[in-house]
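What follows is a short report on a single structure.
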Amino acid sequence: MKKSCLVLALAGVGLWVLAVPALRAEPEAVKPLQAISFELAKDNLQQFGSGLDAANLAERVRNNLAEWQFPLSASGPFSHRLQARLGKVARRETPVGFSFSSGNSDPRAVDFQKADVLPVTCSLRDAGNQAVLVERESTFSAHALDKDVAPARIADKLVDQIGTACLDVLEHAPLPKQPGRVKTELFKPKWMPDVRVEVREIPAAGSGASGSAQPGAIGDEPKKEVIIHNQGNPVIFQFGHERK
719 MKKSCLVLAL
729 AGVGLWVLAV
739 PALRAEPEAV
749 KPLQAISFEL
759 AKDNLQQFGS
769 GLDAANLAER
779 VRNNLAEWQF
789 PLSASGPFSH
799 RLQARLGKVA
809 RRETPVGFSF
819 SSGNSDPRAV
829 DFQKADVLPV
839 TCSLRDAGNQ
849 AVLVERESTF
859 SAHALDKDVA
869 PARIADKLVD
879 QIGTACLDVL
889 EHAPLPKQPG
899 RVKTELFKPK
909 WMPDVRVEVR
919 EIPAAGSGAS
929 GSAQPGAIGD
939 EPKKEVIIHN
949 QGNPVIFQFG
959 HERK
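Read the sequence shown against our numbering and you will find it ends at 962, with the numbers running on by one and no gaps.
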């Protein structure tokens, strides 16, 4: 008999590096986020049945992202383009966050920690030269996207999942942003993403106001805090020498 298992998956943290030519005195100034268009490709939308309109989904996603104080606009001129593309539902590793599986709990099994997931790729481009600034793929559970589910409920779920993937891209954009733009304690968004991974650097306990570190024990070393914001209570991990 197959046993149920609870799986926790954590997304990797990407590191972006800007290469600067050795002969250039100063790095080239980047264009600030002033007006962003949002587009949803029709690719693979038909896999969820009929009745789904890409333009309507895109408008709802744009409105949700605008609540997070990013300059999403319905009309141009635009400084940047945000584009989302749905992949095909496939059997892959479980997505970020908590997921419940009634499949094989044997770690040696081929389908261990596998689930039907929907990949969503979101990219941010410069509207002028079309250069890709950030592109990330996120995966989501496809459990609520079965064809026997009402089209309205599928549309609601897709709006949340597409918005979650593109909010992650906007938060990692290597562009000037206002301080505290995505700190939800400073504003009250009505829409919340399915899951949001936040990484915080916790300074050493011996660091003073001047930024100079004071000698201390090993336990006073800097730590990294990873927070998974689910729809319910957030899950917090701290990584340091204690291996919490």
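Glycine is no exception: its CB is placed at the ideal position from the N, C-alpha and C atoms.
The beta strand (DSSP E) with V850 in it runs from where to where?
In the sequence shown, residue 850 corresponds to position 132, counting from 1. It spans V850 to S859 - the beta strand (DSSP E) in which V850 sits, taken as one unbroken run.
Check whether the segment 874–884 touches the segment 774–793, counting contact only when three or more Cβ pairs, one atom from each stretch, lie closer than 8 Å.
When C-beta atoms of the segment 874–884 are compared with those of the segment 774–793, three or more pairs fall below 8 Å, so the two segments count as touching.
Suppose only complete runs of 3+ residues qualify. What are the beta strand (DSSP E) ranges in the segment 740–797, listed by chain order?
754–758
Got a sec? Which residues, its chain only, sit under 7 Å from H798 by beta carbon, not counting five neighbours each side?
Along the sequence shown, read from residue 1 onward, the residue named residue 798 stands at position 80. Result list for H798: L751, I754, L842, R843, D844 and A845, in chain order.
Count the other CB atoms within 10 Å of the CB of P911; is the residue buried (16 or more) or exposed (fewer)?
Along the sequence shown, one-based indexing puts residue 911 at 193. Looking at its Cβ environment, which holds 16 or more other Cβ atoms inside 10 Å, P911 is buried.
For V852, does the count of other Cβ atoms within 10 angstroms reach 16, so buried, or fall short, so exposed?
The residue given as residue 852 occupies position 134 in the sequence shown. Its Cβ being crowded by 16 or more others within 10 Å, V852 is buried.
In terms of residue numbering, what span does the beta strand (DSSP E) encompassing A808 cover?
As a working note, residue 808 is residue 90 in the sequence shown. Taken as a continuous stretch (DSSP letters only), the beta strand (DSSP E) holding A808 covers A808 to E811.
Can you tell which of Q764, G767, C840 and N774 has its C-alpha closest to the C-alpha of D886?
Here residue 886 refers to the residue found at position 168 when the sequence shown is read from its first residue. Measuring from the Cα of D886, the nearest candidate turns out to be C840.
If you draw a straight line from the alpha carbon of L770 to that of K941, how long is it in whole angstroms?
Against the sequence shown, residue 770 aligns to sequence position 52. Against the sequence shown, residue 941 aligns to sequence position 223. Computed Cα separation, rounded: 45 Å.
Taking I920 and F766 to be in contact with their CB atoms under 8 Å, please state how far apart those CB atoms are, rounded to whole angstroms.
To locate residue 920, count along the sequence shown from 1; it is residue 202. To locate residue 766, count along the sequence shown from 1; it is residue 48. Not quite, the Cβ-Cβ distance comes to about 42 Å (not below 8 Å), so this is no contact.
With distances taken Cα to Cα, identify the nearest neighbour of D761 among A802, E777, F796 and R778.
The residue you call residue 761 lines up with position 43 of the sequence shown. If we check each option's Cα against that of D761, A802 comes out closest.
Would you mind working out which of S859, R854, A860 and P869 sits nearest E889, comparing C-alpha positions?
The count along the sequence shown starts at 1 and reaches residue 889 at position 171. For the residues S859, R854, A860 and P869, the minimum Cα distance to E889 belongs to R854.
What residues are listed by DSSP as bridge partners for A891?
For the purposes of this step, residue 891 is identified with residue 173 of the sequence shown, where counting begins at 1. In DSSP, A891 forms no bridge with anything.
Three-state secondary structure assigned by DSSP to P837:
By one-based count along the sequence shown, residue 837 stands at place 119. In this structure, P837 counts as strand in the three-state DSSP scheme.
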